[in-house]
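Chains as they are written, first to last, in the UniProt record's numbering: chain A, 1 to 439; chain B, 1 to 439; chain C, 1 to 439; chain D, 1 to 439. Cβ atoms here follow ideal geometry from the backbone N, Cα and C, with glycine treated the same way.
Number of protein chains: 4
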Amino acid sequence: MSSYFSHIAPIRYQGPGSDEALAFRHYDKDRIVLGKRMEEHLRFAVCYWHSFCWTGLDPFGSGTFERPWFQGGALMELAEIKAQAAFDFFSRLGTPYYCFHDRDVAPEGSTPRESHEHLARMVDVLGEHQQRTGVKLLWGTANLFSHRRFMAGAASNPDPEIFAMAALQVRDAMDATMRLGGENYVLWGGREGYETLLNTDVDQELDQLGRFLSMVVDYKHRKGFKGTILLEPKPREPSKHQYDFDSATVYGFLTRYGLEKEVKVNIEANHATLSGHSFEHEIAVAASMGILGSIDMNRGDPQLGWDTDQFPNNVPEMALALYHILQAGGLGSGGLNFDAKVRRQSLDAEDLFHGHIGGMDVCAKALLVAEQMIQDGRLAEALKQRYAGWSTPEGRDILEGRRTLEQLADQVLSRNADVAPRSGRQEYLENLVNRFCAA
Amino acid sequence: MSSYFSHIAPIRYQGPGSDEALAFRHYDKDRIVLGKRMEEHLRFAVCYWHSFCWTGLDPFGSGTFERPWFQGGALMELAEIKAQAAFDFFSRLGTPYYCFHDRDVAPEGSTPRESHEHLARMVDVLGEHQQRTGVKLLWGTANLFSHRRFMAGAASNPDPEIFAMAALQVRDAMDATMRLGGENYVLWGGREGYETLLNTDVDQELDQLGRFLSMVVDYKHRKGFKGTILLEPKPREPSKHQYDFDSATVYGFLTRYGLEKEVKVNIEANHATLSGHSFEHEIAVAASMGILGSIDMNRGDPQLGWDTDQFPNNVPEMALALYHILQAGGLGSGGLNFDAKVRRQSLDAEDLFHGHIGGMDVCAKALLVAEQMIQDGRLAEALKQRYAGWSTPEGRDILEGRRTLEQLADQVLSRNADVAPRSGRQEYLENLVNRFCAA
Amino acid sequence: MSSYFSHIAPIRYQGPGSDEALAFRHYDKDRIVLGKRMEEHLRFAVCYWHSFCWTGLDPFGSGTFERPWFQGGALMELAEIKAQAAFDFFSRLGTPYYCFHDRDVAPEGSTPRESHEHLARMVDVLGEHQQRTGVKLLWGTANLFSHRRFMAGAASNPDPEIFAMAALQVRDAMDATMRLGGENYVLWGGREGYETLLNTDVDQELDQLGRFLSMVVDYKHRKGFKGTILLEPKPREPSKHQYDFDSATVYGFLTRYGLEKEVKVNIEANHATLSGHSFEHEIAVAASMGILGSIDMNRGDPQLGWDTDQFPNNVPEMALALYHILQAGGLGSGGLNFDAKVRRQSLDAEDLFHGHIGGMDVCAKALLVAEQMIQDGRLAEALKQRYAGWSTPEGRDILEGRRTLEQLADQVLSRNADVAPRSGRQEYLENLVNRFCAA
Amino acid sequence: MSSYFSHIAPIRYQGPGSDEALAFRHYDKDRIVLGKRMEEHLRFAVCYWHSFCWTGLDPFGSGTFERPWFQGGALMELAEIKAQAAFDFFSRLGTPYYCFHDRDVAPEGSTPRESHEHLARMVDVLGEHQQRTGVKLLWGTANLFSHRRFMAGAASNPDPEIFAMAALQVRDAMDATMRLGGENYVLWGGREGYETLLNTDVDQELDQLGRFLSMVVDYKHRKGFKGTILLEPKPREPSKHQYDFDSATVYGFLTRYGLEKEVKVNIEANHATLSGHSFEHEIAVAASMGILGSIDMNRGDPQLGWDTDQFPNNVPEMALALYHILQAGGLGSGGLNFDAKVRRQSLDAEDLFHGHIGGMDVCAKALLVAEQMIQDGRLAEALKQRYAGWSTPEGRDILEGRRTLEQLADQVLSRNADVAPRSGRQEYLENLVNRFCAA
Ligand SMILES: [Co+2]
Ligand SMILES: [Co+2]
Ligand SMILES: [Co+2]
Ligand SMILES: [Co+2]
Ligand SMILES: [Co+2]
Ligand SMILES: [Co+2]
Ligand SMILES: [Co+2]
Ligand SMILES: [Co+2]
C-alpha cells in the first residue's frame with residue numbers, strides 16, 4: 001500500500017480567504033456557473049507522465065526526484081506501486097479525470113508481445129483503481145516518440161515496419177482506452193516531423209500520416225468507440241519541423257485526407273505560444289474550423305523557446321481562454337488536462353499538490369471571471385455592433401455570394417466617397433476585461 | 001528624361017574573376033543550366049515599392065533617401081518621373097521582370113474615382129516603358145494596407161463598405177495587370193488579421209476573406225486571365241495575427257472555401273523564417289500540396305523578429321532553396337521577385353545596384369550549385385534508398401489502404417521482433433551539399 | 001484654447017465597484033500604502049511622443065489619428081496647440097508628471113540655430129503650462145535618432161561633426177530640463193548601435209559613447225543639476241545591435257568608462273522582454289548593481305519580436321515588478337513613465353484616456369498586491385531561510401574571502417559525505433503570490 | 001583494444017576535387033595562411049562529452065547510440081574503454097586537441113573521495129593516451145550542473161556546503177588540467193542562474209559567484225598555472241536566467257569583482273545567437289573589452305530556441321567569424337572547440353567522422369576566405385575611411401577629452417550648418433565578402 005502521499009489530507013475548498021496552502025480557494029466543484037457545476041465545466045485531468053514518470057531529468061542533468069517507484073526493482077512491480085501512488089494522488093487532489101500514454105503505465109517489454117502483455121495487465125490494475133476511486137479516464141494515447149526505433153518518426157517513418165510497430169501500439173492503446181471507459185483518444189506526433197529536408201520526403205511522409213490516421217478512424221468506427229479522436233498540434237519540438245505545427249495546419253492536413261469531420265484538436269497552451277500564436281487564438285481558430293476538441297492547460301515561459309509545461313498561474317490570461325472556450329460552446333467530451341510538471345527543483349510530494357492546486361484554482365477563478373464577462377454582456381455587444389454592417393441586406397448579399405467584384409467596384413465608383421474607419425477600442429475592451437479580473 | 005542612374009553603365013556578366021563591383025560574376029543569363037537558359041530559370045523581378053517608393057523611413061526615423069521623385073511637386077508628375085527612373089533602373093540592371101502595387105505607381109486620389117483614374121493613366125505610362133525597354137510584368141497587386149481606411153482589414157474589415165473599397169482596388173489592379181501582360185496576380189493580406197480577439201470575430205472574418213477570394217477567382221475567369229492568382233503568406237506583421245500565417249495555413253484556408261485548385265502561394269523567404277520555418281520547408285510543403293506558385297527572394301535577419309527584407313546573400317542557403325524548387329518542377333508562371341530593400345543607410349543610387357547585383361549573383365551561383373547537386377544524383381539516390389521499403393508490395397499495400405490497423409498490429413505481434421533504426425546520415429548529406437557550394 | 005479633450009471630465013477615483021469607464025477603480029492617489037501616498041509611490045508620467053506626436057503610422061501604413069495639431073499650419077503654431085492639448089490631457093487625467101524629447105515639443109528648424117530657438121521658445125510655453133496646471137517634468141531627453149543625419153548613430157557616428165550636432169541637442173535638452181525643474185535626464189541610444197560589422201568599428205564607437213556620456217556627466221556637475229542621468233537600455237531596435245542591450249550590458253559599459261556611480265538605468269518593461277529577460281529580472285539586476293533609476297511602464301507582446309509599447313494590463317505581472325521595486329527601496333527621483341501608445345486603430349480622444357486609465361489602475365492594483373506581499377512577509381521569510389547557511393560563521397568566512405579553494409576542497413574530502421538538495425518550492429511561492437492577486 | 005573506429009582509415013587531406021567523403025577537402029594542416037600553419041590558426045579540439053558521453057537522449061526520448069562503452073559493466077572499465085575509443089577517434093581524425101569535463105572521463109563515485117579518486121586514476125589513463133598519440137588538452141572543466149545536488153546552482157547555490165562541493169570538483173579539475181598540460185581552464189555556469197526570483201536572491205548569488213571565481217584565480221596563481229581562465233557565456237539554458245548571459249554581461253561581472261584582467265571568455269557560436277547576437281558580434285565585443293579567449297565552434301538552428309550544438313556548415317558565416325578573430329589578433333592559448341554533436345539519428349561510427357570532417361573543412365575554407373579578405377584589404381580600407389574624421393586633430397581632441405559638451409554645442413551653433421550623412425554601403429561590402437566566399 002502506497003504511503004507516499006498519506007501524510008497529505010484530501011484537498012478541500014476553503015474559500016478565497018483561506019490561509020491554508022493545501023486547500024482550494026476558488027475551485028468549489030459543485031458551485032453552479034452558467035447553469036452547470038464547476039467540475040463539469042472544467043473537467044480537470046492529471047497527466048500520468050509528468051507527475052509520475054518524469055524523474056526531473058533535463059538535457060543538462062539527471063533526475064532529481066526520489067520517488068519510491070524510481071528505485072530499483074522489477075519493472076511491473078514498480079509500475080503497480082506507481083499506479084497506486086497515482087490514484088492515491090488523484091483521489092486526494094479531487095480531479096475527476098486522468099490521462100496516460102501506454103508506456104507511462106506499463107513498461108516496454110523486450111519483445112512486442114511482452115509490451116502488449118504488460119499493457120494488458122496494467123489495464124486491469126488501472127481499471128480496479130478507477131473502480132475503487134471513481135476517477136475516470138479523459139483520454140489515452142500511445143508513446144510513439146521515446147523509443148529509439150521511432151527516432152525518425154512513427155507513422156511518418158521511412159521504414160514501413162516501424163509504421164507497423166506504431167500500429168500495434170496505437171491499436172493496443174485504443175483498446176486500453178476503450179476498456180477503461182476513456183472519453184477521447186489522442187495522437188501527439190512526437191517524432192512526426194523532420195530534422196533536415198536532405199533526408200526527408202515530405203510528400204511521402206504526409207501521405208503516410210494521412211493513411212495512419214485514416215486507419216485509426218476506421219478502427220474507431222469498427223469498434224464502436226464513441227469518443228473523439230484528437231490530434232495535438234505542436235511546433236518545432238522534438239523534430240525541428242513538426243507536421244502538426246498548429247491548429248490551422250492540422251485543419252489543412254485533415255481536409256487533405258478527408259478527415260476534418262472525424263478528428264478534432266487537443267490544443268496545448270504552451271504549444272500555442274511556441275507556434276507564435278496566443279492561446280486564445282488557437283482556441284478561436286479551431287472553433288471556427290469546427291475542430292476544437294480538448295485542452296492541455298499548461299503554460300510556457302514567454303522568454304524560453306521550448307515547452308516548459310508549467311502549471312497555469314495567470315488569471316487574466318486564463319480568463320480570456322475560458323471565455324473563448326465558453327463562447328465556442330465548451331469542449332464536449334474534452335476537458336482540461338494539466339500537461340504540466342512541477343519544476344525540477346520542486347522535490348517534495350507536497351510540491352505535486354501545490355502545482356495542481358495552483359493550476360486548478362487559477363482555472364476556477366478564471367471561469368468565474370469568464371462567467372462575469374458573459375453575464376455582463378458588454379464584450380459580446382461591442383463585437384456585435386462592430387460587425388453590424390454585415391447583417392444588413394447589402395452585407396448579407398455580399399457575404400452570401402450575390403455580388404461580383406465588378407459590381408462592388410462600380411458601386412464604389414458611382415458613390416465616389418471614402419469611408420471613415422471607426423475606433424477598434426482595444427484599450428477600452430481590455431480595461432473591461434480587467435474590471436472582472438481584478439474586481 | 002531621368003538621369004538619376006545615367007552615370008551607371010548597364011550591368012554585364014564578367015565572370016567570377018572580375019574585380020568590378022558593378023558587374024555580374026555569376027549571373028550569365030544565357031548560360032544553359034539543366035537544359036534551360038539561366039534567365040528562364042530565375043525569372044528575376046525588381047519590386048517597385050522598396051526601391052522606388054520607400055523613403056528610408058522606419059518606426060524610429062524619417063526618410064533618408066533623397067530621390068528626385070521624393071522632392072515636392074504635383075503627384076502625377078512625380079509618379080511619371082519615378083516610373084522613368086524605375087524602368088531606367090530595370091534596363092540597366094537587366095532583369096526581365098518587375099512587380100508593383102497600384103499605389104506604388106499611381107498616387108491615391110482624393111476620391112475613389114480620382115484614384116481609379118490615376119491608375120489608368122499610369123498604366124498607359126508603364127505600358128509605354130514596357131514596350132520601349134522589353135521589361136515585363138511578373139505580377140501586379142493592390143495595396144490594401146497603407147491607407148487608414150484599411151487599418152482594420154480590407155476584405156476582413158468589420159465594415160462591408162470598406163470591403164467594397166477593396167473590391168474596387170483589386171478589380172482595377174487586376175485590370176491593370178491584364179492590360180500590362182502580367183503573368184500572375186498577387187494578394188498579400190497586409191491587414192487581413194487582427195490585433196485582439198476582444199474586437200474580432202475570426203469566423204466572420206475568415207468567411208469574408210473566403211468570399212473575397214472567390215470573387216477574385218470568378219473575375220479572373222470571366223475576364224479570361226490566364227495568369228495565376230497567388231496568396232502571399234506572412235505571419236505576425238503588420239497585424240499581430242495574420243490570417244495567412246504560412247503555406248500550410250493558406251492551404252487549409254483554400255480547401256475550406258473550395259479554392260485549392262485555383263490559387264497558389266507566393267512564398268517569401270523572410271516570411272518563411274518569421275513563421276518559424278526554414279525557407280525550403282515552405283517550398284517543400286507548398287509543392288507537396290500543389291500550391292507552389294512564385295517566390296519573394298529576400299532574406300530576414302535571424303536575430304530580428306520582423307521582416308527586414310534584405311537581399312539574399314548566402315549561397316549555401318539559396319542553393320538548398322533552388323534545389324527544392326527545381327525538384328518541385330520549377331515555378332511555372334512564377335519567378336523570383338526581390339521583395340528587398342537596401343538598408344536605410346545605403347543612400348546612393350549605386351547602392352540600389354549593389355543590392356540587386358549581389359542578390360542576382362547569389363541566386364545565379366546557387367542555381368549552379370543546385371545543378372551540380374542534381375547532376376551528381378547522390379542526394380536524390382540517398383532519399384530513394386531511405387524510403388525503399390514503401391515501394392515494396394507490402395509498403396504499397398499499407399499506403400494504398402489495403403491494410404487495417406489491427407492487421408498490422410497482429411502481424412507485428414506474430415513476427416514478435418523489434419526493428420532496428422538506421423542512421424539518418426544528416427552530417428554526411430550536409431557535407432555533400434557543401435562539396436558543391438565551396439567547390 | 002484647446003477643446004480636443006473638453007468633452008471629457010477630469011478622471012476621478014470611484015472604487016472597484018464603479019461601472020464607469022472613464023474613472024479609476026484602483027488609483028486612489030492619496031491612499032496610504034506602506035507609509036506613503038499612492039501617488040508618491042507610483043510617480044506616474046505621460047510621455048509626449050506616443051500620445052501627442054505619433055500619428056498612428058507604422059511600417060505598413062500611414063497615420064490614422066486625426067488630431068487638430070496634425071493638420072496643416074505653421075510648425076510653431078501647431079506645437080503650441082499640441083502643448084495645450086497635452087497639458088489639458090495631463091490635467092484631466094491627473095498624472096503628476098510628463099516626459100518629452102526636444103523634438104516632441106519643438107519642431108526641427110532649417111538650421112541648428114533655428115532648432116535651438118524653437119526649443120527655447122517652447123520651453124517658455126511648457127513652463128507656463130506647468131505653472132498653470134501643477135504638472136511636473138519627470139525627465140527630458142533629446143531625440144538623436146529620427147533625423148537622417150543620425151542614421152549611423154549620434155555619439156557613435158563615424159563622423160565627429162554629427163557627434164557635435166548631438167552634443168548641441170543634448171546640451172539644449174539638458175538646459176530645457178533644468179529650466180523646467182525636471183527630476184532626471186534620460187539618454188536612449190536610438191541609433192547607438194550598428195547594422196553590420198562590415199562597416200562598423202565597435203571598439204571606436206564604444207569609446208565615442210563613453211566620451212559623450214562623460215561629457216554629459218561633467219556638464220551636469222558644472223551646471224549643478226541634482227537630477228539623475230539615466231541610460232535606457234534596449235536591444236535590437238532600431239539598429240540590429242544596440243550597444244545598450246540590457247542593464248547588465250549598461251553596467252559593464254559604465255564601469256569601463258568609470259561612470260557607474262554617476263549614471264543609472266531607466267528600465268522599460270518592453271525592452272526587458274525583448275532582450276530575453278523578464279521585467280523583474282532587469283529590476284533585480286539593476287538594483288543589485290546599484291543602478292536602478294526609473295521605469296518605463298509599458299508592456300510588449302510575447303509573440304511579437306519588436307517594441308509594441310502597450311499599456312500594462314496584467315496585474316499579477318505588474319505586482320511582481322512593483323514588489324521588486326519596493327524591495328529595492330523604490331525609485332528615488334525616478335517614476336513610472338508610460339512609454340506606451342494606444343493601438344493604431346484606437347482613433348478617438350477617449351482611447352487616449354482608456355489606455356492611461358487602464359495602465360494606472362493596473363499599477364495601482366499591483367501596488368496594493370505588492371503591499372500585501374510585503375505585509376504578509378512569507379515571501380521574504382522563505383527567501384531568508386533558503387540562504388540561511390550563508391549567515392552562519394562558516395558561510396560568512398567563505399563569502400568574505402577567508403577560505404581558499406583548496407581548503408574547501410579538503411574539508412569536503414575529509415567530511416566525505418554528499419549534501420542533499422532541498423525543494424525550491426516554486427509552485428508554492430507562485431500560489432502565494434496569486435493569493436494576493438486574486439484575493 | 002578498441003576497435004570501434006578501426007574500420008576507418010586516418011582522415012587525410014585530398015583537396016577540393018576529392019570525391020571521398022572520409023577525407024578533407026580544405027583542411028590542409030600544414031598549409032601556410034597569413035604566415036602560420038593552418039593547424040596553428042585553427043587549433044581544433046574535439047569535445048569528449050558530446051561525442052563520447054551523450055547517448056542520443058533528448059527530452060522526448062531515450063538514447064539512440066549503441067556504443068560499446070554504453071553497454072553494462074563496471075564504471076571504471078567502461079571509462080577506460082571510452083577513453084581508448086576517444087583517443088583512437090582523435091588520432092584518426094587528426095585534431096591536435098581535445099577538451100573534457102571531469103565527469104566525462106571519470107564516473108561520479110558514491111562519495112566525494114571516490115569521485116576524487118576516479119578522476120585521479122583516469123588522469124593517468126588520459127596522460128598515457130596523450131603521450132602515445134600526441135593529442136593535447138585545449139582545456140579542462142568541471143561538470144557542476146548534471147548532478148541533482150547542483151540543481152539550484154553550484155557556486156550560486158543557496159547552501160554553502162554545495163558551494164564547497166563545487167570547490168572540490170574545480171580544484172580537482174584544475175589539478176587534472178595542469179597535470180595533463182591543458183592550455184586553458186573553462187568554467188561554464190550550467191546552473192548558475194535561477195528559475196524564479198521568488199526563491200532567488202540575485203545580489204547574494206552574484207557575490208557568491210564573484211567569490212568563487214576569485215578563489216579559482218587565486219588558486220591558479222598559487223599553483224603557477226600559466227593557462228587562461230575562461231568563462232563561457234550562455235543565456236537562458238538550463239536555468240531560465242543564466243547569470244553569464246553574453247560577453248558584455250560577463251565583462252560587467254568581471255569588473256564588479258575586479259577580475260577583468262584575469263579572466264577571458266570562451267564564446268560559443270550557438271550561445272551567441274541564443275542571446276540575440278550574431279556570432280561575430282560576440283567576438284568583436286569581447287575583443288573590444290580585451291576578454292576574447294577561445295571559441296566553441298558549433299552552430300545553432302535559427303528557428304529553434306535552444307542550443308542544438310550542430311557542427312558549423314556555412315562557409316560565408318564562418319568566414320566572417322574567422323575574419324574578426326584574425327582582426328582581433330587571434331585566440332592566443334585558445335582554440336576552436338567543436339562543442340557539437342551529431343544528430344540523434346546519426347547512429348553510426350562514420351557519422352562522428354562526417355560531423356567533424358564537415359566542421360573542420362568549413363572552418364578551413366572559411367580561414368582561406370578570411371585570408372583573402374585580409375590580403376585584399378578593401379574591407380579594412382573602407383572602415384578606415386569611414387572613421388577618418390576621428391583621426392583629424394579635432395576628432396582626437398573630442399575623443400581624448402579636450403572638448404566639453406557646451407564647446408561642441410556652441411561650435412555647431414556658430415557654424416550653423418547641417419551635416420550630410422554618407423552611405424553605409426552595406427550591400428557593396430556584403431558583395432565584397434561574397435566575392436571571396438563564392439570565388
Ligand atoms: Co500536451
Ligand atoms: Co507541452
Ligand atoms: Co517581406
Ligand atoms: Co513579399
Ligand atoms: Co519601447
Ligand atoms: Co522607453
Ligand atoms: Co560550449
Ligand atoms: Co552549446
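What span of residues does the alpha helix (DSSP H) with residue i cover, start to end?
| i | result |
| --- | --- |
| C/THR228 | Not the alpha helix (DSSP H): C/THR228 falls in the beta strand (DSSP E), residues 228 to 232. |
| C/ILE291 | Neither: C/ILE291 is in no alpha helix (DSSP H) and is coded neither H nor E. |
| B/PHE353 | 349 to 376 |
Which of the three DSSP states, helix, strand or coil, is assigned to residue i?
| i | result |
| --- | --- |
| C/LYS136 | strand |
| C/ASN266 | strand |
| A/TRP54 | coil |
| B/ASN199 | helix |
| A/VAL216 | helix |
| C/ILE11 | coil |
| C/MET37 | Note on identity: in this sequence residue 37 of chain C is Arg, with Met being the wrong assignment. If DSSP states are grouped into helix, strand and coil, C/ARG37 belongs with the strands. |
| B/LEU187 | strand |
Answer yes or no: the CB of residue i versus the heavy atoms of ligand 6, is any distance below 8 Å?
| i | result |
| --- | --- |
| C/GLU282 | no |
Along the beta strand (DSSP E) that carries residue i, what are the first and last residues, could you check?
| i | result |
| --- | --- |
| C/PHE44 | 44 to 47 |
| D/PHE101 | According to the sequence displayed, residue 101 of chain D carries His and not Phe. Counting along the chain, the beta strand (DSSP E) containing D/HIS101 begins and ends at 97 to 101. |
Since residue i and residue j are thought to touch, with beta carbons under 8 Å apart, how far apart are those beta carbons, to the nearest angstrom?
| i | j | result |
| --- | --- | --- |
| residue 440 of chain B | B/LEU93 | The structure shown has nothing for residue 440 of chain B, since chain B only spans 1 to 439. |
| C/THR255 | C/ASN184 | About 21 Å separates the two Cβ atoms, so there is no contact after all. |
| C/LEU138 | C/ARG43 | 7 Å |
| A/TYR219 | B/GLU406 | 7 Å |
Nearer than 8 Å: is that true of the beta carbon of residue i relative to any heavy atom of ligand 5?
| i | result |
| --- | --- |
| C/HIS271 | yes |
Does the distance between the C-beta of residue i and the nearest non-hydrogen atom of ligand 7 fall short of 8 Å?
| i | result |
| --- | --- |
| A/ASP418 | no |
Ligand 4 and residue i: does the residue's C-beta get closer than 8 Å to at least one heavy atom of that ligand?
| i | result |
| --- | --- |
| residue 453 of chain B | A query on residue 453 of chain B cannot be resolved here, the shown segment of chain B reaching from 1 to 439 and no further. |
- Proximal residues, the region 46 to 67 of chain D versus chain A, C-beta separation under 9 Å: GLY56, LEU57, ASP58, PRO59, PHE60, GLY61, SER62, GLY63, THR64, PHE65 and GLU66
- Query: Listed from N- to C-terminal order along the chain, which residues in the region 225 to 236 of chain B have their beta-carbon within a distance smaller than 8 Å of any beta-carbon of chain A?
  - Reply: PRO235 and ARG236
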